[in-house]
Structures are given as C-alpha cells and as structure tokens.
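Data first, discussion second: the structure below is written as structure tokens.
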Amino acid sequence: MSPSERQESFHVTDRDRSDSAAESTKVFAYLRSDEGDSSATTKLNASRGLSLPPIYLTKRVVLVRLASCALLFCLLAYGTQFLDWGVPKTSSRTSGLIRDAVPRSSVTPSPSKILEVFQVYQPVLTPGGKTAETVPANGSHTTISTAQAAATSSCEALLMEHSFGYSYGIPFVGNYTPPMCKFNHVTMNFTVTSRGRQFDRLALMYFGDTEVWRTSTAEPTTNGIRWEYHKDMTEYLYFWNSPQTLIFDLGNLIDSTYTGLFNTTLTAKFFMKQDNVQPASVIVPVSARKGSANAASVFTLPSENATNTISFPRNVNRAVFSVSACGQAAEEFWWSNVLQSDTNTFVPMVGTLYGYSPFREVQVLIDGMLAGVHWPFPVVFTGGIVPGLWRPIVGVDAFDLREHEIDITPWLPLLCDGTEHTFEIRVVGIVDDGKETGKLTETVGSSWLVTGKIFVWLDEDSSSVTTGKPPARLFPAPAISLSQSLKQNSTGANETLSYTTDVKRSLSISSFVTTQKGSFVSTWTQSLSFSNYGLFLGFGAAQQNNQTTTGVDISTGGKSYKSSYSYPLYANSSYIVQSGGNFTIDADFQLGLDLAIHGTPVVSTGLQPFANIPRAASLVSGIPRSSISTRQNGTAHYFGAPSARLSSGYGSTRQEFSFKSASLSGTPADAELYFRSVEAVNATVVRDYETLLGSEISSFRLPVTDVGDSHLIMGVVSPKAALGRGSGVPKQLLVQVGG
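Position 457, counted from 1, in the sequence shown is what the numbering used here calls 568; the numbers after and before it change by one each time, with no gaps.
Written as structure tokens, this is what we have:
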C-alpha cells in the first residue's frame with residue numbers, strides 16, 4: 112500500500128465529517144463573540160505548520176443529538192453496572208515476534224463484551240520455541256517468590272499477580288529469583304483487567320531503589336476492559352542476573368463511586384539470542400531510595416529535593432544517565448499552561464489558570480553543574496481531555512513512558528576521582544515580566560514525579576583508574592521569546608487571550624578521557640527548539656494549543672550515539688456548563704512522535720527482532736539506524752450529569768505508526784520494517800491494517816454503520832479537571848458569550 116493509498120484509507124470510513132477543512136474552525140464558533148480574534152485562529156491553524164493528517168470535526172448538531180440519545184440510554188440502563196465478563200486469550204506470536212497486544216478476534220466488541228484496549232507500537236522479540244512451564248510459588252497475597260524453571264533454551268517466570276484496590280502508598284512487593292535457564296534477553300508481559308468506574312492511574316516498577324518501568328492504566332468501562340503490553344527489558348540484565356526486591360507501585364482508590372480494581376499479571380520470558388549489545392556492568396539509582404522500606408522511590412517535585420550523593424567506581428569507560436519524568440495533578444497538562452502573568456485573566460468565569468508557561472525543562476546536574484536536559488514528550492493519559500479519545504486506542508506512549516538518555520561519559524575524569532559527587536534532577540518552567548521576556552524558574556506547579564539511573568560500563572581490570580581532563584562546558588542561557596495579547600468585550604470583561612512561547616537552547620560538554628581501553632575525546636551536545644502558540648476564547652471556555660518540540664542529541668568519542676526527535680501537538684477544546692451543573696466537553700486533538708536513533712543507545716532500538724528474519728537481517732546489521740514515526744488524531748464529545756452520576760460520549764481516533772531501519776553501511780534509507788494504520792469509532796475498531804517488511808499481515812474493516820451512536824463513559828467530575836485548566840468548578844457559561 113502506497114503512502115497515498117494509506118492516506119486515502121484513513122478517510123474511507125469517516126462519517127458525519129464536513130466536506131471542507133474550514134469546518135474544523137467553525138465547530139467552536141458558538142463560543143466566540145463578534146469581537147473574537149479570528150485572525151488569531153487563522154494564525155493558529157495555518158502559520159505553525161503541523162505536519163499532521165487533516166482531521167474534520169463532527170458537526171455539533173450531531174453530537175448534541177448523540178449526547179441526548181446517550182443520556183436516555185443511560186437513564187434506562189442505570190443500575191446494570193455489574194455484568195459477568197470473561198478474559199479472552201492472549202495474542203499469538205508470529206516468527207518470534209509479538210506484533211501487538213490486541214487479539215484479532217476481540218477488536219470489535221459488542222456492548223456486552225469487555226473492551227480490548229491497546230497502544231500501537233513496534234514488534235517485540237520473544238523466544239521462538241516452546242517456553243518452559245511456569246511453576247507459581249506459594250506465598251502471601253502481597254509477596255510472591257518467583258519460581259525457578261528447569262534449564263532450557265528459554266523459560267518463563269511469574270513476577271506478580273495482584274489486584275490493586277485501595278493501594279495508595281501500598282505497593283506490591285515481591286522477591287525475584289533468577290530462573291535456572293541461560294539467557295541474555297528478557298521480555299515482560301503486563302496484562303490487566305478492570306471494570307466499573309475508575310480514573311487513569313500511574314504505575315512505576317522498581318528493582319529495589321531503581322525505577323525500571325513507568326506505565327499508566329486505561330479507564331475501565333461497566334462491562335470491563337483488558338490490555339496487554341509487551342516490553343523488552345534486556346537493558347536491565349544487571350538486575351535480572353541476581354535476586355531482587357520487585358516493587359510495583361500502582362496507587363488506586365476504591366470507594367462507593369470509584370469501584371474499578373486493576374487486576375494485574377506480570378510475567379517475564381528469559382531466552383538466548385545472538386546480540387552484539389553489551390549490557391551495563393552496574394546500574395546506579397538516583398531516587399528517593401526507599402526500597403529497603405518496601406516503598407516507592409520516586410521524587411515529587413517541586414516539594415522535594417531530587418538529589419543523591421554517589422561514590423562512583425573508578426574503572427568506568429562509559430556512563431549514561433537515564434531520566435524518567437512526567438507531570439501529574441496541576442502539571443499533567445503542562446503544555447496547555449499559560450504565562451504566569453496571565454493566570455488570573457478569566458477568574459470571574461473559570462478561576463485561576465495553571466501557569467509558569469507551557470514550557471518545561473527537566474535538568475540533570477552533577478555537583479551543581481548542568482550536565483544535560485530533557486524536554487518532555489506530552490503524554491496524554493486515558494482520562495485526559497475527553498475520555499472518548501482513548502477507547503480503545505490509548506495515547507502515544509501512555510502504556511510505556513519513554514525515558515531520555517544523557518551521556519555523561521565526558522564527566523568521567525571528575526566522577527572517577529575517588530570522592531563523592533551529587534546528582535540532581537530539576538524541573539523548570541518560565542516566569543515572565545508580562546511583556547516579551549522571561550527566565551527559567553525552578554518553581555512549577557505540583558507535581559512532577561522524577562527518578563534517574565546511571566548505566567555504567569566498567570573496564571575488565573578492577574584496579575584500572577579512569578583519568579583525563581576536567582570537562583569543558585559550553586552552556587549559554589536559553590533564548591526565550593514571549594508574547595501575549597488580551598481582548599475585552601464591550602463591558603470590559605476579558606474575552607480572548609493569545610500567547611506565544613518560543614525557546615531555543617544548545618549546550619556542549621567535552622573532555623579528554625583515558626581508560627584501560629585507551630584515550631579519546633568524549634563529547635555530548637544538544638540542540639533544542641520549542642514553540643507553543645495558545646489561544647483562549649469565550650471568556651476561557653475554549654482553548655487551542657499548537658506546539659512543536661524538536662531536538663538533536665549527539666554523543667561522540669567512546670560509543671557513538673545520535674537521537675533526533677520531534678513532538679508536534681495540536682489541541683482544540685471547549686466546555687459548556689449548564690444551569691443544573693450538567694456539562695459538555697468537545698475536543699479535537701492531534702499528536703505526533705518522530706524519533707530517529709543512530710548508534711548505540713542504552714534502551715533497545717527495537718531492531719533486534721528483525722535480525723532473525725532473513726529478509727531483514729541486512730537492514731539491521733552493523734551500526735543501524737532506527738526510526739519511529741507516528742501520528743494520532745481524534746475528535747470526541749462528552750456529556751456529564753454529575754448529580755445523576757451519568758455520562759455519555761462519542762469519540763473517534765486514528766493512528767498511523769511506522770518503524771523503519773537503514774544501516775549506515777550503504778543499504779537503502781528508511782526501509783520500513785513494520786507499519787500499522789488503525790481507526791476506532793465509539794470504542795470499536797472499524798479499520799486495522801498491518802504490514803511486516805512491506806507484506807500485509809493483517810487487514811480488518813468494519814462498516815461504520817454497524818457502530819453505535821454513543822457509548823457510556825464514566826470518570827469526568829469537572830471539565831476543568833479533564834482539560835487541565837485549574838482547580839475548582841467553573842461558573843455557568845451560556846452559548847451566546849459575546850458582549
């Protein structure tokens with residue numbers, strides 16, 4: 112299927128779409144007065160140049176009719192929330208690959224079936240042959256000792272089987288024992304079921320004090336949901352090779368309203384595969400270090416100081432810092448925040464907005480000196496914006512929050528001097544002067560959850576001492592450019608606000624390093640650019656954001672590494688609160704991820720599964736290049752009646768995902784290894800197309816006429832909370848909001 116055919120297929124099953132792209136700018140017109148800033152809207156949609164597939168919003172009149180029908184359905188069906196439900200079988204394997212986490216027989220659930228939820232991602236390597244049988248050990252409800260399997264070419268172990276109910280501050284704690292089979296690869300399978308009403312939750316997995324995986328949950332339905340996620344965990348062989356305390360922290364809340372438990376099963380497969388990747392000799396945590404108390408070791412910023420003092424080994428030849436960070440609560444939608452001077456613009460109608468700009472920078476410091484930065488990817492969890500956007504296709508990276516690598520090899524002459532050194536993680540935003548300038552500030556909203564870890568490679572000679580020259584640092588201050596424009600109606604009330612935030616930064620650090628293997632010049636450079644254009648309409652009831660983050664990270668010297676990334680985002684949302692407290696939310700959302708890796712990162716590039724396929728072996732040999740490119744877009748409507756504890760909605764989401772490789776030794780550029788194009792309407796997959804090495808492996812299509820008009824959605828208490836626009840309940844907003 113050619114690119115043009117793929118694009119055409121994206122629109123075959125659309126229904127109730129406008130014939131003109133201009134219709135997308137009219138959907139929220141009812142929130143504007145005659146004095147609205149139409150030029151700003153044009154600027155938002157045209158001048159910022161998002162390279163995303165076009166998407167046309169469903170006509171509002173249809174959404175209103177759908178919401179009305181859904182409310183009638185809810186009233187008739189109320190009280191039938193607890194139905195019997197089963198668990199389908201797991202997905203099959205093809206040629207040692209896990210293609211995805213969605214059983215094909217379950218992608219079109221009827222109203223009485225559980226919903227198979229999934230994230231679109233590339234294949235994961237699994238053992239090709241039969242695995243040894245898992246023998247679960249006897250243990251308490253919260254502690255399980257992993258069983259030892261007989262020595263085979265591959266084996267499987269049960270790591271966790273646990274239901275997370277009222278679990279805030281009560282993580283699962285288990286004992287991991289290495290299996291009795293030889294292995295150099297590890298793949299995990301995380302399977303979850305839930306039903307009832309529940310928010311999305313964040314989950315962190317630790318080995319002792321070290322975070323090794325961060326994921327989140329989907330929001331359940333009345334009949335129940337289920338998902339699987341397969342993850343390559345080979346980079347953590349340092350832990351897998353010895354006994355560990357496994358801590359899995361999934362904070363959940365159960366009461367009369369929020370009834371959904373998360374029933375989880377975590378297994379690991381261990382196997383041998385030929386590979387030229389050398390795992391780290393040691394992994395050092397930078398965390399709250401509460402593992403000995405069987406507690407989670409995450410730092411919460413800005414209320415805590417995320418600093419560790421570490422005594423480094425002296426015979427190190429490579430070191431990479433990996434940082435994990437995401438915003439929660441007031442910082443979950445940091446990309447939609449306003450400039451600090453604009454937080455009180457719409458107080459009479461919507462209250463105080465979240466501030467410190469839509470820009471965030473995660474900093475890593477060594478002995479108080481900046482060593483590198485991470486400009487975070489805008490992950491949207493399954494309860495974010497409008498829940499109907501994420502059923503059954505969850506947001507990009509929602510099930511596997513990506514970490515960011517910073518090569519600190521140039522620091523080795525300092526770190527290997529035999530003394531202690533401090534490592535700190537900070538999250539900063541921007542405080543502005545109300546005009547066009549601003550500066551970085553360590554004060555941001557609450558909360559950012561952060562941890563770090565240092566992957567360390569040692570020389571064979573333990574008595575060897577790494578030496579060299581002190582690192583030379585070139586870290587100019589970031590270039591920050593801001594603007595803002597406020598318009599009022601005839602009564603003097605603030606009606607529209609537009610603002611821009613543009614940031615550019617570059618940094619470089621280098622040093623001469625001498626190890627047992629020889630001497631070399633180690634260099635780490637970063638070049639980043641950020642742009643966010645924001646627009647508020649209707650006295651704060653409607654908001655648009657158009658954002659792009661780009662960056663290039665390069666490491667030279669010992670192990671060569673280059674990461675190029677781009678995160679385009681577009682969000683257009685509005686809400687109306689009615690006199691009785693009922694409300695509606697409408698949204699149009701688009702998100703992209705482009706990530707290209709050259710060289711040798713710490714985390715698997717995803718190319719390893721294809722080395723076992725003859726047709727693909729030449730594409731992944733030598734020093735390969737891998738790239739991920741995905742675009743996700745959707746529209747959704749939500750109706751909520753809090754007093755009646757009822758809600759309904761409509762949503763459609765489409766995603767294209769491409770995984771490519773090109774060897775640096777002269778093979779054709781951008782050879783596509785895996786491709787998937789999938790579309791869902793009203794929690795039902797209506798089209799799904801997959802290719803492996805250019806050959807179709809799966810194709811599915813359902814007539815949209817077979818999809819219901821709306822579906823029951825639970826979980827949104829406040830439109831402001833869902834959209835991330837500050838705390839509190841907004842005042843009633845009328846349809847005609849002009850002066």
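Note that the Cβ used here is the ideal one computed from N, Cα and C, for glycine as well.
The model shown is predicted, which means the values in this text are computed figures rather than measured ones.
Range of the contiguous alpha helix (DSSP H) that encloses residue i
| i | result |
| --- | --- |
| Ser291 | In the sequence as displayed, the identity of residue 291 is Met instead of Ser. Taken as a continuous stretch (DSSP letters only), Met291 belongs to no alpha helix (DSSP H), as it is neither H nor E. |
| Leu523 | 523-526 |
| Met460 | 458-461 |
| Lys342 | Unbroken run through Lys342 is the beta strand (DSSP E), 336-343; no alpha helix (DSSP H). |
Residue i burial status per 10 Å Cβ neighbour count (16 or more: buried)
| i | result |
| --- | --- |
| Ser435 | buried |
| Met344 | buried |
| Met383 | exposed |
| Glu571 | exposed |
| Asp518 | buried |
| Arg726 | exposed |
| Glu547 | exposed |
| Pro581 | exposed |
| Asn416 | exposed |
| Leu834 | buried |
| Tyr81 | Look at the range of the chain in this structure, 112 to 850, and you will see that residue 81 is not part of it. |
| Asp366 | exposed |
CA-to-CA distance, residue j to residue i, given in whole angstroms
| i | j | result |
| --- | --- | --- |
| Leu236 | Ala379 | 12 Å |
| Pro830 | Thr332 | 19 Å |
| Phe283 | Thr326 | 15 Å |
| Gly402 | His341 | 25 Å |
| Phe275 | Val303 | 10 Å |
| Ala268 | Val297 | 11 Å |
| Phe359 | Leu597 | 47 Å |
| Val475 | Phe534 | 7 Å |
| Asn428 | Val458 | 56 Å |
| Leu618 | Ser264 | 46 Å |
| Trp486 | Arg756 | 39 Å |
| Ala747 | Gln439 | 23 Å |
| Thr420 | His532 | 5 Å |
| Ala653 | Asn600 | 16 Å |
| Gly703 | Leu680 | 6 Å |
| Gly563 | Asp511 | 16 Å |
| Arg584 | Ser621 | 7 Å |
| Thr802 | Arg787 | 7 Å |
| Val614 | Phe641 | 5 Å |
| Val323 | Asn693 | 42 Å |
| Thr667 | His709 | 11 Å |
| Gln233 | Ile541 | 36 Å |
| Leu450 | Tyr610 | 8 Å |
| Ser422 | Pro390 | 21 Å |
| Lys771 | Glu790 | 21 Å |
| Cys730 | Ile504 | Per the sequence shown, residue 730 should be read as Leu rather than Cys. Rounded to the nearest angstrom, the two C-alpha atoms are 30 Å apart. |
| Ser769 | Phe631 | 37 Å |
| Leu270 | Val228 | 22 Å |
DSSP three-state assignment for residue i, whether helix, strand or coil
| i | result |
| --- | --- |
| Leu869 | The requested residue 869 does not occur in the structure, where the chain is confined to residues 112 to 850. |
| Ala391 | coil |
| Lys384 | coil |
| Trp559 | strand |
| Leu450 | coil |
| Ser809 | strand |
| Phe488 | coil |
| Glu790 | strand |
| Val576 | coil |
| Asn455 | coil |
| Gly760 | strand |
| Val497 | coil |
| Asn723 | helix |
| Gly307 | coil |
9 Å Cβ cutoff, residue i in contact with chain D
| i | result |
| --- | --- |
| Ile687 | In the displayed structure, chain D is absent; only one protein chain is listed. |
Extent of the continuous beta strand (DSSP E) run through residue i
| i | result |
| --- | --- |
| Trp351 | Where Trp351 is concerned, there is no enclosing beta strand (DSSP E), although the alpha helix (DSSP H) it sits in stretches over 348-351. |
| Leu646 | 629-648 |
| Leu702 | 694-710 |
| Pro830 | From DSSP, Pro830 is part of no beta strand (DSSP E) but of the alpha helix (DSSP H) over 830-834. |
| Ser358 | Per the sequence shown, residue 358 should be read as Ile rather than Ser. From DSSP, the beta strand (DSSP E) with Ile358 extends over 355-361. |
| Ala406 | Ala406 -> no beta strand (DSSP E), and no H or E assigned at all. |
| Leu315 | 313-318 |
| Glu330 | Here Glu330 belongs to no beta strand (DSSP E), and DSSP marks it neither H nor E. |
| Tyr749 | 735-752 |
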